[in-house]
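Using this note's numbering, read the sequence shown as starting at 595 and increasing by one per residue.
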Amino acid sequence: MSSLMEVAKAAGVSVSTASRVLTGSSHPISAKTRARVIAVAEQLGYSPSALARALVSRNSRLLGVLVSDIVNPYFSVIARGVDDVASRAGYVTMLSNVDRRTTTEINRLQTMRDYRAAGVIFAGSGYDDDPHTPELVKAVRQAREQGIHTVSLTVRDIGCPVITADSRTAAYDITDHLISLGHRRIAFVEGPSGMIASRQRREGFLACMSDADLAENARCLPGGFDFEAGHAAAMRLIARPPLPDAILAANDEAAVGALNALRQAGIDVPGEISVAGLDDLRVAQFVGLTTVSLPLYEMGAMAARHIIESAPGTDDATTTILSHRLIPRETTARRA
Numbered sequence: 595m596s597s598l599m600e601v602a603k604a605a606g607v608s609v610s611t612a613s614r615v616l617t618g619s620s621h622p623i624s625a626k627t628r629a630r631v632i633a634v635a636e637q638l639g640y641s642p643s644a645l646a647r648a649l650v651s652r653n654s655r656l657l658g659v660l661v662s663d664i665v666n667p668y669f670s671v672i673a674r675g676v677d678d679v680a681s682r683a684g685y686v687t688m689l690s691n692v693d694r695r696t697t698t699e700i701n702r703l704q705t706m707r708d709y710r711a712a713g714v715i716f717a718g719s720g721y722d723d724d725p726h727t728p729e730l731v732k733a734v735r736q737a738r739e740q741g742i743h744t745v746s747l748t749v750r751d752i753g754c755p756v757i758t759a760d761s762r763t764a765a766y767d768i769t770d771h772l773i774s775l776g777h778r779r780i781a782f783v784e785g786p787s788g789m790i791a792s793r794q795r796r797e798g799f800l801a802c803m804s805d806a807d808l809a810e811n812a813r814c815l816p817g818g819f820d821f822e823a824g825h826a827a828a829m830r831l832i833a834r835p836p837l838p839d840a841i842l843a844a845n846d847e848a849a850v851g852a853l854n855a856l857r858q859a860g861i862d863v864p865g866e867i868s869v870a871g872l873d874d875l876r877v878a879q880f881v882g883l884t885t886v887s888l889p890l891y892e893m894g895a896m897a898a899r900h901i902i903e904s905a906p907g908t909d910d911a912t913t914t915i916l917s918h919r920l921i922p923r924e925t926t927a928r929r930a
């Protein structure tokens with residue numbers, strides 16, 4: 595592949611003139627000169643870098659996706675939705691792990707601004723009473739002023755559009771399903787402490803138990819969004835009998851961890867106890883886990899379309915709630 599200097603020499607122009615032509619600069623250059631430079635570039639097989647074009651046009655075809663935990667399959671489904679839409683439109687997706695830290699989100703957003711990304715998607719949940727929220731709000735505002743679209747996939751008050759599922763209602767619905775099967779004593783394995791998504795799912799569980807006059811039978815256990823957290827929570831229940839009628843975990847990963855602990859202890863699921871989760875990840879399908887299917891792929895796809903199709907400065911802080919559906923499987927059964 596030829597260099598910019600070779601193109602300029604062959605076209606009989608300066609390097610700066612060749613650069614302006616090939617990066618789409620609005621600098622006044624005659625049509626004849628533009629045509630000659632473009633023809634020579636095509637003949638020599640020259641292609642300007644995407645970053646160079648971005649520096650001139652003030653935007654690029656880069657979509658940033660900020661995820662809480664890059665190994666969590668929840669975010670893999672979202673990222674696939676983003677990338678499928680982005681790649682068809684000629685955009686490139688950049689996935690970045692933020693380890694559930696708001697400060698890292700702010701730093702990654704600044705990096706996306708430096709690369710003049712077309713948009714940034716906040717795929718992870720934020721925290722309640724986060725002291726870093728004002729700083730993140732400022733960074734989002736600055737990105738918008740630069741023409742960079744931002745979208746959040748969780749309800750967060752950071753000044754950008756939200757495309758999400760109703761986690762609270764999803765937790766309510768799966769709890770209601772367990773109650774409809776005759777379960778009265780239900781244990782809930784919570785998500786990571788302080789996270790908005792964890793609070794929403796706990797609230798949905800407790801609201802349903804209260805509406806069914808079963809608030810006294812609701813038990814919340816410290817947990818997390820990973821296999822180990824669910825396994826540890828179930829082990830604590832096993833060590834202190836009697837077992838509840840059912841275990842509901844804040845997500846599928848934790849539910850599978852609980853399911854594994856129960857089966858290792860020789861406890862019949864669902865004969866003695868039912869187990870359910872939230873999200874409907876592939877692991878839930880493999881083990882026959884009752885869960886709620888959240889529209890993760892659709893959330894990512896819609897966020898990408900919003901960024902690609904919206905004009906600069908049109909990111910009103912609207913909220914779009916997508917529907918979910920209950921998926922009964924083999925880990926739950928009617929209680930005798």
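Quick reminder that beta carbons are idealized off the backbone N, C-alpha and C, glycines included.
For residue i, the residue or residues it bridges with in DSSP
i    : result
A848 : Paired residue(s): none; A848 is not in a bridge.
T687 : L657
V580 : Because the chain spans 595 through 930 in this model, residue 580 falls outside it and cannot be assessed.
I921 : T885
V756 : S746, T913
Y721 : M789
D751 : Partner(s): none; D751 has no beta bridge.
D693 : Partner(s): none; D693 has no beta bridge.
D873 : S887
Residue interval of the alpha helix (DSSP H) (run including residue i)
i    : result
N701 : 696-708
I762 : Correcting the residue type first, residue 762 is Arg in the shown sequence and not Ile. Run containing R762: 761-774, per the alpha helix (DSSP H) assignment.
I586 : In the structure displayed, the chain extends from 595 to 930; residue 586 sits before or after that span and is not available.
R735 : 727-739
V601 : 598-605
Whole-angstrom distance between residue j and residue i, CA atom to CA atom
i    : j    : result
V650 : S608 : With a pLDDT of only 46 at V650, under 50, the local geometry of the prediction cannot be trusted, and no value is derived from it.
Q740 : L842 : 44 Å
G755 : Y668 : According to the sequence displayed, residue 755 carries Pro and not Gly. Their backbone Cα atoms lie some 21 Å apart in a straight line.
V665 : A801 : 31 Å
V692 : T925 : 33 Å
V850 : R857 : 10 Å
H726 : F821 : 29 Å
A648 : V659 : Per-residue confidence for A648 stands at a pLDDT of 47, beneath the threshold of 50, marking its modelled position as unreliable; no derived number is given.
M829 : I902 : 47 Å
E847 : F819 : 6 Å
L703 : T627 : 39 Å
L883 : V863 : 10 Å
Y554 : I790 : The chain is shown from 595 up to 930; residue 554 falls before or after that span and cannot be answered.
D723 : R630 : 59 Å
V877 : A733 : 36 Å
T758 : H743 : 17 Å
P816 : V783 : 6 Å
A898 : I700 : 20 Å
R762 : R796 : 7 Å
M803 : E866 : 21 Å
A625 : V601 : 17 Å
T885 : H621 : 58 Å
D807 : R778 : 10 Å
V809 : D839 : In the sequence on display, residue 809 carries Ala and not Val. A809 and D839: Cα-Cα distance of roughly 14 Å.
G894 : L598 : 38 Å
A781 : C814 : 6 Å
L853 : H825 : 7 Å
S654 : Y709 : 8 Å
G947 : A870 : One cannot answer for residue 947 here, as it falls past the ends of the chain, which runs 595 to 930.
R929 : A827 : 22 Å
Y640 : S670 : 35 Å
A927 : D910 : 45 Å
S719 : F799 : 18 Å
T769 : R707 : 42 Å
Residue i (DSSP reduced to helix, strand or coil)
i    : result
V894 : Reading off the sequence, residue 894 comes out as Gly, not Val. Helix, per DSSP.
V676 : helix
A843 : strand
T913 : strand
V671 : helix
S610 : helix
V863 : coil
N854 : helix
L616 : helix
I832 : helix
I664 : coil
R682 : helix
R899 : helix
Residue i: first and last residue of the uninterrupted beta strand (DSSP E) it sits in
i    : result
A878 : Per DSSP, A878 belongs to no beta strand (DSSP E); it is in the alpha helix (DSSP H), 876-881.
V869 : 868-870
Near the ligand COA: residue i beta-carbon under 7 Å from a heavy atom
i    : result
A612 : Although the ligand COA was asked about, the structure shown includes no ligands whatsoever.
Which parts of the region 778-830 are runs of the alpha helix (DSSP H), unbroken and 4 residues or longer, counting only runs that do not cross its ends? 790-805
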